[in-house]
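Protein chains: 6
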Amino acid sequence: MNVVVQNIERADKSVIEGLGKCGVATVHEAQKRKGLMASYMKPIFSGNRLAASAITISSPPGDNWMVHVAIEQVKEGDILVLAPTSPSEDGYFGDLLATSMLAHGGVGLIIEAGVRDIHDLKEMNFPVWSKAISAQGTVKETLGSVNIPVVCGGVVINPGDIIVADDDGVCVVRREEASEVLRASLARETNENEKRIRLQTGELGLDMYNMRNKLADKGLKYV
Amino acid sequence: MNVVVQNIERADKSVIEGLGKCGVATVHEAQKRKGLMASYMKPIFSGNRLAASAITISSPPGDNWMVHVAIEQVKEGDILVLAPTSPSEDGYFGDLLATSMLAHGGVGLIIEAGVRDIHDLKEMNFPVWSKAISAQGTVKETLGSVNIPVVCGGVVINPGDIIVADDDGVCVVRREEASEVLRASLARETNENEKRIRLQTGELGLDMYNMRNKLADKGLKYV
Amino acid sequence: MNVVVQNIERADKSVIEGLGKCGVATVHEAQKRKGLMASYMKPIFSGNRLAASAITISSPPGDNWMVHVAIEQVKEGDILVLAPTSPSEDGYFGDLLATSMLAHGGVGLIIEAGVRDIHDLKEMNFPVWSKAISAQGTVKETLGSVNIPVVCGGVVINPGDIIVADDDGVCVVRREEASEVLRASLARETNENEKRIRLQTGELGLDMYNMRNKLADKGLKYV
Amino acid sequence: MNVVVQNIERADKSVIEGLGKCGVATVHEAQKRKGLMASYMKPIFSGNRLAASAITISSPPGDNWMVHVAIEQVKEGDILVLAPTSPSEDGYFGDLLATSMLAHGGVGLIIEAGVRDIHDLKEMNFPVWSKAISAQGTVKETLGSVNIPVVCGGVVINPGDIIVADDDGVCVVRREEASEVLRASLARETNENEKRIRLQTGELGLDMYNMRNKLADKGLKYV
Amino acid sequence: MNVVVQNIERADKSVIEGLGKCGVATVHEAQKRKGLMASYMKPIFSGNRLAASAITISSPPGDNWMVHVAIEQVKEGDILVLAPTSPSEDGYFGDLLATSMLAHGGVGLIIEAGVRDIHDLKEMNFPVWSKAISAQGTVKETLGSVNIPVVCGGVVINPGDIIVADDDGVCVVRREEASEVLRASLARETNENEKRIRLQTGELGLDMYNMRNKLADKGLKYV
Amino acid sequence: MNVVVQNIERADKSVIEGLGKCGVATVHEAQKRKGLMASYMKPIFSGNRLAASAITISSPPGDNWMVHVAIEQVKEGDILVLAPTSPSEDGYFGDLLATSMLAHGGVGLIIEAGVRDIHDLKEMNFPVWSKAISAQGTVKETLGSVNIPVVCGGVVINPGDIIVADDDGVCVVRREEASEVLRASLARETNENEKRIRLQTGELGLDMYNMRNKLADKGLKYV
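Protein chains in written order, with the working numbering: chain A, 699 to 921; chain B, 699 to 921; chain C, 699 to 921; chain D, 699 to 921; chain E, 699 to 921; chain F, 699 to 921.
1) Taking C-beta pairs closer than 7 Å, name the residues in chain F that Lys916 of chain E reaches, listed in chain order.
2) Is it a yes or a no for the segment 828–843 of chain E touching the segment 794–803 of chain F, going by three-plus beta-carbon pairs under 8 Å?
3) Can you tell me whether Leu902 of chain C is helix, strand or coil according to DSSP?
4) Output, in sequence order along the chain, the residues in the segment 746–768 of chain C whose CB is closer than 8 Å to any CB in chain A.
5) Residues in the segment 726–746 of chain B with C-beta within 8 Å of chain C's C-beta atoms, listed in sequence order?
6) Which residue wins for smallest C-alpha separation from Val703 of chain D, given the options D:Val879, D:Lys820 and D:Asn856?
7) Using a Cβ cut-off of 9 Å, pull out every chain C residue sitting near Val854 of chain F, in sequence order please.
8) Secondary structure at Thr888 of chain F, three-state DSSP: helix, strand or coil?
9) Closest to Ser737 of chain E by C-alpha separation, out of E:Gly867, E:Ile769 and E:Lys838, would be which residue?
10) Let me check understanding here. Comparing Cα to Cα, which of A:Asn705, A:Ala723 and A:Leu841 lies closest to Ser751 of chain A?
11) Which same chain residues, not among the five before or five after Gln834 of chain D, have their C-beta less than 6 Å away from its C-beta?
12) Please report whether the beta-carbon of Thr724 of chain E lies at a distance below 8 Å from any beta-carbon of chain A.
13) Which residue spans inside the segment 735–784 of chain B form an unbroken alpha helix (DSSP H) run of at least 4?
14) Just to check my reading of the structure: Arg886 of chain D and Ala749 of chain D have Cβ atoms closer than 8 Å, yes? What is that Cβ distance to the nearest angstrom?
15) Got a sec: is the Cβ-Cβ distance from Val813 of chain D to anything in chain C below 8 Å?
16) Count the other CB atoms within 10 Å of the CB of Leu895 of chain A; is the residue buried (16 or more) or exposed (fewer)?
17) Output the distance between the C-alpha atoms of Thr888 of chain D and Gln771 of chain B, rounded to the nearest integer angstrom.
18) Look at Thr724 of chain B and Ser757 of chain B and say whether their C-beta atoms are less than 8 Å apart.
19) Looking at the C-beta of Thr888 of chain A, does it have a partner C-beta in chain B at a distance below 8 Å?
20) If the cut is a Cβ gap below 8 Å, which residues of chain A does Glu787 of chain F touch?
21) Should Val701 of chain E and Val853 of chain A be called a contact, given that it needs their Cβ atoms to be closer than 8 Å?
22) Who are the neighbours of Met699 of chain B on chain D, taking C-beta pairs under 8 Å?
23) Inspect the CB distances between the segment 813–823 of chain E and the segment 908–919 of chain D and report whether three or more fall short of 8 Å.
24) Should the segment 708–725 of chain C be regarded as contacting the segment 817–826 of chain C, the criterion being three or more beta carbon pairs within less than 8 Å?
25) Apart from the five residues on each side of it in sequence, which residues of its chain come closer than 8 Å, Cβ to Cβ, to Ile846 of chain F?
26) Report the CB separation of Ile808 of chain D from Ala876 of chain D in whole angstroms; it is logged as a contact under 8 Å.
27) Just how far apart, CA to CA, sit Val805 of chain F and Leu841 of chain C?
28) Under a three-way DSSP split, which group does Gly733 of chain D fall into?
29) Pick out whichever of A:Ile861, A:Lys773 and A:Ser786 has its Cα sitting closest to the Cα of Leu800 of chain A.
30) On a Cα-Cα basis, can you pick out the residue from B:Gly803, B:Lys893, B:Leu880 and B:Ser744 that is closest to Trp716 of chain B?
31) Out of B:Gly903, B:Trp763, B:Pro785 and B:Gly718, which has the shortest C-alpha to C-alpha gap to Val837 of chain B?
32) Answer with buried or exposed for Met735 of chain C, where buried requires no fewer than 16 other C-beta atoms within 10 angstroms of its C-beta.
33) Tell me the DSSP bridge mates of Ser828 of chain F?
34) Are any of the Cβ atoms in chain B nearer than 8 Å to that of Gly716 of chain A?
35) Have a look at Val870 of chain C and Gln898 of chain B and give me their C-alpha separation to the nearest angstrom.
36) Helix, strand or coil, according to DSSP, for Ser712 of chain B in the structure here?
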């Protein structure tokens, strides 16, 4: 019942990097508003933007044994995504595990639970999006699984899916849809750049999007 | 039923600037502890202090159409105040709308809902006090109103009222009371400056405020 | 019924300083995971790490009278720990009280309620861990007590206990156990430093901790 | 600054009774979805439905002095609406105050804070909608006001406005609009009764509301 | 992009009924503790226990159009499972929709949002497990989908999966695993019945489960 | 480190029964407003009122092993009080453990975590005050302690302290103070009975408590 899936497929590296540059809001819109985690998944320090392939962890509450198991599966550019099997705010992860992650090319952590050693993680510039910050440690007594589908922040993540994360939160892109979503994201960026220039000059959204007639039709009154 | 009130009155510019320098805690005390929004209205990044005239928006949940309508009403030194008609954490506002606000002299946003593009808003130094951060976008399908009284963070805001906001939160000053509140705020600051100097020298509040007798009368025992 | 206990015992200064350097996560583990406050006790700005002797305050909701009483009891290196007798988010403490604290050698505040003047407290580098930020002021009408045992963030604090606090949260060390906890904390740090070096070279936790057999015994399958 | 407004206007008794029979959901729709309190305002026991004229109370946190003042203003069919000036969960109200209310014709309480003596209130069948249940008592030290506009559950209530409350929550109807809202509510009920009968026979909303074409136009696909 | 899947497979009726009799706690254990929704999914009134086939709805926030679409897909013994695409507490569902559900054999609703007409739903004995109660209505403007996989209460639900719900909460059983889970549930019930009898006679769990040696081995001391 | 304290002292049976009849609000006032648990500790079904001697349990998150250990220590009239060492909503306790409790004279459970089998517990009339309801089970892998002081709902409970609980919540009375608190509670009840009769006749609190002069002195204006 408790398994470690060892060989997972990952999206193309250039696609992942492309998504990382676009950021959460753009990617989320580009894939038609799906895959956004709940807003309680917050960065432990601000200023990060990344995309990475998910190594998923299903873990008992208050037990971080599977994190050690998962790190062996990490390759350059991977991120851990941990979902406990029942709610926990414990600190599953700290500076030692971050050290191990960096040594294996891991780039961050998404966790629906707590982390600790915030000061050190910030100095190491190891980004984490979590539900809580807590120094309360965990045990290593009960098995979980690695690289099975999990639900984190209200969203399904399959191993190898792409995590896009920045100060807006966390969004998941299906591995099979990554190229298509990147294409749509870049198109959206181009479109937004044009609009940004027009708005900077003072043009109103009301005119740029031709909203005035539709507003009048619905009955908006200016008084 | 859905209206845009176009000509609102604003307080005197120098009064608004004066209130901005005093900050939330002082202004709130000076107007006898009214007008403070709930503590879940938080700055998306720290270090801002401002006062501005409110352009109010009443908006359906998950629908930011009225923001475009409101920006046309913005004049130099105005701030948007958005209250949804039922609870929403959606990201009503991002870098494009901030660009448009800046082009029309707008100075910030108060919103009982979510915002997105946090990284860009911080780079543009566009301050926002919100209930949530979320990349989840909104639609433009249902009308709301602009410049009617709204309740945001548990407080009534009329269009043209002065919003004072800093890292302590958000406080609303009635337009008609602004001069009087500024006067009381400045008096309070003078008074506090004197106290600060005395406290810095080590004088105790117990002595400075003559509290010892009153404490003894109420029955406080030193053991 | 309402008392101020004037002469409390404090731990040795060098022990307190030693605990401050170890930080919350290490100290909490070293004393076998007891004494950690709930995760809603958060720093109002990041980057602080300290240890200090607790001056405790039991206060009515929305009444900060006892803070003035408590500051008279503060000696060099002390920290205030305030617990209201029923839930309150009011701003009990601001820049004037911080000025007074600094003048008497006080180093910070732990409060299961609100604080205000965040901007000033940050400029003064006066660290606070609180449940809320609120400009809502308090009154001075009802007595409480100083230096009696209180429960703050779900943990009992006796006057003179050592508060350890950093970006991970707040942990309490019993005064009588402080030397022993420091010894265990330092041993833990030495042990972690060795592990950190091995993990940096890429050694896996699975091997460093000899976990593979135990995982297999419990039934973990690699697929 | 602290006032008791003694003579307030109330809506017509038959209008109030009519609104009470319609209930919250119907009245809220009938007045175009305004006036609904936040969903944290919950009945302390289920099965009540009423409408009543509001006697409003603005009270300091943890201080119920003004409740005694307010009860003198209560007439047959009135309900108390209490909003604290900053967040409080304290138990402002229990069986003695309910006894006094009943003796003066009062019919219930709406309170953005706590109540106690739940068991007794249920036995007396005295309905309350509150934010919390708490045995924590209050003091009688600081003034507030009676019959001024307050914000409770995110909504403005003026003295004499009509409170409609049932197991769905609490809704406020402006006194001046009460007759019109009752008319619209009754019309809505008639309309819903017709629909209910058609739906009971198995007719689909899709057909009853002629939705099929609009769904197809927007692009809904059946697969 | 927005679809209605019309023909879904359902589990065998006798299996569904069997699961309903076992209840949430037993079924959840029997399928090795997966499929349990978050504890904020609560019954609007107590005393119900059921199992039913899921008709799933993915809906925009504050828009219940798809509920009408979904009811056409309901067959005898089905339950609706609605997940909004971003957080909403609005009242998507009330007594009219319940009337329509009952007319088509529907047995209840699971919704990660709000419901209204609680009093009527209780009188009709129409069970609902929801995240909120709110009279705030919704619109019918934006498409969603019916019978696609959704995440509700943190769990994936496929159309045709079996929902088991009672006063403990809501649990999802995969359609393909339903027979096997029923078998395990019944075995578990038999086993628990035996234990219940032994416990009723006063036998201790310590003895019945042979825990004393294991406790001593781990180091538990009796003092 | 993990201990079971076997012989604890209990208060006199008649004192415990007396406190149970007075209820939470009266007892809490009578002991000067100390010992009240936070308002998130709620009854799983209403209508209970009891007092009992506390058997305390300190338990790891998601691990109910110590409950079995604790039940061996239960004597006629005892209640279990369980506090996890870090936050957990898991269902530690269900109908089997309740059966065992009843067989040994146990009368209820106070738990800062979750319970399950709500329907059965209600049928058995086994009262529980908990932080959550959850069918998620627990493991039996890690030791805790029995009959040591714990913090539950923000309050310290020593083994043998008296728990008073009803629909208002939970209050703790120190064993050594129980007789004195009972005396004060009964005096309070007598006093309240007199007031209740006067209030029933329509006498106002304003007159009964002689408040009018004090209100006028503080500056209350009638307009």
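Glycine is no exception: its CB is placed at the ideal position from the N, C-alpha and C atoms. Since the structure is predicted, the reported quantities are computational estimates derived from the model, not experimental observations.
This is what the structure holds:
1) Mapped onto the fifth sequence, residue 916 of chain E falls at position 218. Neighbours of Lys916 of chain E on chain F, chain order: Leu841.
2) no
3) Numbered from its first residue, the third sequence carries residue 902 of chain C at position 204. Of the three classes helix, strand and coil, the one that applies to Leu902 of chain C here is coil, per DSSP.
4) Arg747
5) His726, Glu727, Arg731, Leu734, Ser737, Lys740, Ser744 and Gly745
6) By one-based count along the fourth sequence, residue 703 of chain D stands at place 5. Looking at the Cα atoms, D:Asn856 is the closest of the given residues.
7) Along the sixth sequence, read from residue 1 onward, the residue named residue 854 of chain F stands at position 156. In chain order: Pro847, Val849 and Val854.
8) As a working mapping, residue 888 of chain F is identified with position 190 in the sixth sequence. Three-state DSSP puts Thr888 of chain F in a helix.
9) Here residue 737 of chain E refers to the residue found at position 39 of the fifth sequence. Of the candidates E:Gly867, E:Ile769 and E:Lys838, the one whose C-alpha sits nearest the C-alpha of Ser737 of chain E is E:Gly867.
10) To locate residue 751 of chain A, count along the first sequence from 1; it is residue 53. For Ser751 of chain A, the nearest C-alpha among the options comes from A:Asn705.
11) The count along the fourth sequence starts at 1 and reaches residue 834 of chain D at position 136. Counting only Cβ-Cβ distances below 6 Å, and skipping sequence neighbours, we find Asp788 and Gly789.
12) By one-based count along the fifth sequence, residue 724 of chain E stands at place 26. Judged by the 8 Å Cβ criterion, Thr724 of chain E is not in contact with chain A.
13) 763–769
14) Position 188 of the fourth sequence, counted from the first residue, corresponds to residue 886 of chain D. Position 51 of the fourth sequence, counted from the first residue, corresponds to residue 749 of chain D. The Cβ separation is near 16 Å, so there is no contact.
15) The residue given as residue 813 of chain D occupies position 115 in the fourth sequence. It does not; no Cβ of chain C falls within 8 Å.
16) Here residue 895 of chain A corresponds to residue number 197 of the first sequence, with the count starting at 1. Looking at the sequence itself, residue 895 of chain A is Ile, so the reference to Leu does not match. By the 10 Å Cβ count, Ile895 of chain A comes out exposed.
17) As a first step, residue 888 of chain D is located in the fourth sequence; it is residue number 190 there, counting from the start. As a first step, residue 771 of chain B is located in the second sequence; it is residue number 73 there, counting from the start. One C-alpha to the other measures close to 42 Å.
18) Counting from one through the second sequence, the residue named residue 724 of chain B turns up at place 26. Counting from one through the second sequence, the residue named residue 757 of chain B turns up at place 59. No; because the gap between Cβ atoms is not below 8 Å, this pair is not in contact.
19) If you number the first sequence from 1, residue 888 of chain A lands on position 190. Taking Cβ atoms only, chain B never reaches closer than 8 Å to Thr888 of chain A, which makes this a no.
20) Counting from 1 along the sixth sequence, the entry for residue 787 of chain F is found at position 89. Ordered by position in chain A, the residues that pass the 8 Å Cβ test against Glu787 of chain F are Ser784 and Pro785.
21) Against the fifth sequence, residue 701 of chain E aligns to sequence position 3. Against the first sequence, residue 853 of chain A aligns to sequence position 155. Their beta carbons are not under 8 Å apart, which means Val701 of chain E does not touch Val853 of chain A by this criterion.
22) Here residue 699 of chain B is taken as the residue at index 1 of the second sequence, counted from 1. Going along chain D in sequence order, the residues near Met699 of chain B (Cβ under 8 Å) are Lys730.
23) no
24) no
25) Locating residue 846 of chain F in the sixth sequence gives position 148, counting from the first residue. Answer for Ile846 of chain F: Val701, Val703, Thr754, Ser756 and Pro857, listed in chain order.
26) Looking up residue 808 of chain D in the fourth sequence gives position 110. Looking up residue 876 of chain D in the fourth sequence gives position 178. Their Cβ separation, rounded to whole angstroms, is 17 Å, which puts Ile808 of chain D and Ala876 of chain D out of contact at 8 Å.
27) Numbered from its first residue, the sixth sequence carries residue 805 of chain F at position 107. Numbered from its first residue, the third sequence carries residue 841 of chain C at position 143. Taking the straight line joining both Cα atoms gives about 38 Å.
28) By one-based count along the fourth sequence, residue 733 of chain D stands at place 35. It is coil, neither helix nor strand.
29) The count along the first sequence starts at 1 and reaches residue 800 of chain A at position 102. Nearest C-alpha to Leu800 of chain A: A:Lys773.
30) Within the second sequence, numbered from 1, the residue matching residue 716 of chain B stands at position 18. Note on residue identity: the sequence assigns Gly, not Trp, to residue 716 of chain B. Among B:Gly803, B:Lys893, B:Leu880 and B:Ser744, the Cα nearest to that of Gly716 of chain B belongs to B:Leu880.
31) Position 139 of the second sequence, counting from 1, holds the residue named residue 837 of chain B. When each option's Cα is compared against that of Val837 of chain B, the closest is B:Trp763.
32) In the third sequence, counting from the first residue as 1, residue 735 of chain C sits at position 37. With 16 or more Cβ atoms within 10 Å of its Cβ, Met735 of chain C is classed as buried.
33) Taking the first residue of the sixth sequence as position 1, residue 828 of chain F is located at position 130. Partner(s): F:Lys740 and F:Ile809.
34) The count along the first sequence starts at 1 and reaches residue 716 of chain A at position 18. Not closer than 8 Å to any Cβ of chain B, the Cβ of Gly716 of chain A fails to qualify, so no.
35) Position 172 of the third sequence, counting from 1, holds the residue named residue 870 of chain C. Position 200 of the second sequence, counting from 1, holds the residue named residue 898 of chain B. Spanning the two alpha carbons is a distance of roughly 29 Å.
36) By 1-based counting over the second sequence, the position of residue 712 of chain B is 14. DSSP places Ser712 of chain B in helix when its eight states are reduced to three.
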